[in-house]
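Counting from 1 along the sequence shown, just add 515 to a position and that's the residue number in our numbering.
Quick reminder that beta carbons are idealized off the backbone N, C-alpha and C, glycines included.
Computed from a predicted structure; not experimentally measured.
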Amino acid sequence: MFKTIEWQNNNVIMIDQRLLPNEEVYRTYKDFLDVAEAIREMVVRGAPAIGVAAAMGVALGALKINAKDRKGFVKEFEKICKIMAGTRPTAVNLFWAIERMKRVVKKNHKLSVDELKQTLIQEAQNIHEQDIEINKEMGRHGSKLIKNKATILTHCNAGALATAGYGTALGVIRAAVEQGKKIKVFADETRPFLQGSRLTAWELMKNGIDTTLITDNMAGYMMKKGLIDVVIVGADRIAANGDTANKIGTYSVAVLAKEHKIPFYVAAPISTIDLNIKHGDKIPIEERNIREVTHIKDIPIAPKNIKVKNPAFDVTPNRLITAIITERGIARKSFEKSLKRMVKADKIF
Ligand code: MRU
């Protein structure tokens, strides 16, 4: 199997997701600025995975701080956190992970600079390990919603590649398969970055899970034909009322699911829930380089100088979501209440 991200001998190792499925290349990062660039450029992507990458990047940066006392260290540390926080705006896991790293520094007044560095490295590794556990727990809860012989549609990649391992939406699928259920998956290709065809199809096939690739505009046809029983997607940020930001195109799938009376589930860790944002309109949506739309692997597929929009995410309103699967259980409507209860009950960290 592959590893999405790892801390090894004070370096960060990441599989370069831009090159999949054609090449399996692992890159070694020694400098936090390069980790920040890797997040921006989508070497690593997916909300929980960029949280882990940010935490490891912060640890890498902290390790190289040349300060003798705490005051000097904290000044440099704050700068590193700020750079890391400026990489991508939508997935709240990035900010959540940086906050956890900051808390280590705030909380440990008595530690020397060297001890602080080691504690930060440990925290980044904890975030990594806990993410895998969280996904497995989510899988245990979510798989109860999946019947034997179900056909599941998923959008983008919410798998092992989007997390420290196992996956959120794909974690639920993996858990159902591990329980012996016969599951078929339809993967939306997910234009423009093709996370569905390049990443989801690749990692599910590696697991031997029955997967069929479709282009995004085929989902409605498949639903009308009665070929889809359930939709499961991941999330980049869930507002307090359950409105969910996820990869562009998720909203269209949710509307289609409603029309065809197909359950639409979101699987995401508690760290993706942002109670500070009341509803989805307030979630910042990243606009990415238009080249992602006009080119595929440097080959132009649109006329030069055409006007282009490239929002990377959309928001699915809570009314289109059947339930939200977290490591704490399954949240149902009203999401205001169920999500709040789940976040407050999260005493693990
Ligand atoms: O732009 P990306 O590839 O980082 O977007 C990823 C998604 O939208 C995923 O569906 C989401 O992060 C959930 S990952 C478990």
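Reduced DSSP category for residue i - H, G, I as helix; E, B as strand; rest coil
i, result
"E652", "helix"
"F864", "Because F864 carries a pLDDT of 45, less than 50, the predicted location of this residue cannot be relied on, and the following value inherits that uncertainty. In the structure shown, F864 sits in coil (DSSP, three-state: anything other than H, G, I, E or B)."
"I845", "strand"
"T634", "helix"
"K859", "helix"
"D549", "helix"
"D758", "coil"
"E556", "coil"
"V823", "coil"
"R806", "helix"
"D703", "strand"
Proximity test, residue i beta-carbon vs the ligand MRU heavy atom, cut-off 8 Å
i, result
"A750", "yes"
"N756", "no"
"Q710", "yes"
"N825", "no"
"P563", "yes"
"H670", "yes"
"R615", "no"
"F828", "yes"
Sequence-distant residues of the same chain with beta carbon closer than 6 Å to residue i, five excluded per side
i, result
"G680", "I647"
"P604", "P799 and E801"
Among the options, nearest to residue i - alpha-carbon criterion
i, options, result
"T831", "E552, I839 and R618", "I839"
"V550", "A562, L575 and E539", "L575"
"G795", "D758, T678, R843 and V768", "D758"
"N641", "A783, E521, K762 and A846", "E521"
"P784", "G654, G587, K625 and N524", "G654"
"T602", "H775, K852 and F547", "F547"
"K848", "A639, R706 and T837", "T837"
Enclosing beta strand (DSSP E) for residue i [first to last residue]
i, result
"R542", "Y541 to Y544"
"E521", "I520 to Q523"
"R585", "From DSSP, R585 is part of no beta strand (DSSP E) but of the alpha helix (DSSP H) over R585 to A600."
"K625", "No beta strand (DSSP E) contains K625, which DSSP labels as neither H nor E."
"A782", "F779 to A782"
"I747", "V745 to V748"
Endpoints, the alpha helix (DSSP H) within which residue i is located
i, result
"M733", "Looking at the DSSP string, M733 is not in any alpha helix (DSSP H), and its letter there is neither H nor E."
"G766", "The question names Gly, but residue 766 is Tyr in the sequence shown. From DSSP, the alpha helix (DSSP H) with Y766 extends over T765 to E774."
"I565", "A562 to L578"
Residue-level contact to chain C via CB, residue i, 9 Å cutoff
i, result
"L548", "Of the protein chains in this structure there is only one, and it is not chain C."
Chain-order list of residues whose beta-carbon lies under 8 Å from that of residue i (same chain, five-residue window excluded)
i, result
"F864", "Low per-residue confidence applies at F864: pLDDT is 45, beneath 50, and the placement is therefore not dependable enough to give any value."
"I729", "F701, A702, D703, E704 and M737"
"C596", "V573, I613, M616 and K617"
"K696", "S658, I661, K662, N663, K664 and A665"
"R623", "The displayed chain sequence assigns Asn, not Arg, to residue 623. These residues qualify, in order along the chain: E630, L631 and T634."
Near the ligand GTP: residue i beta-carbon under 8 Å from a heavy atom
i, result
"N804", "Here the bound small molecules are the ligand MRU; the ligand GTP is not part of this structure."
Beta-carbon proximity list for residue i, same chain, < 7 Å, skipping 5 on both sides
i, result
"G946", "Residue 946 cannot be examined here, being either before or after the span of the chain that is shown, 516 to 864."
"D789", "V607, R752, I753 and A754"
"W611", "G566 and S786"
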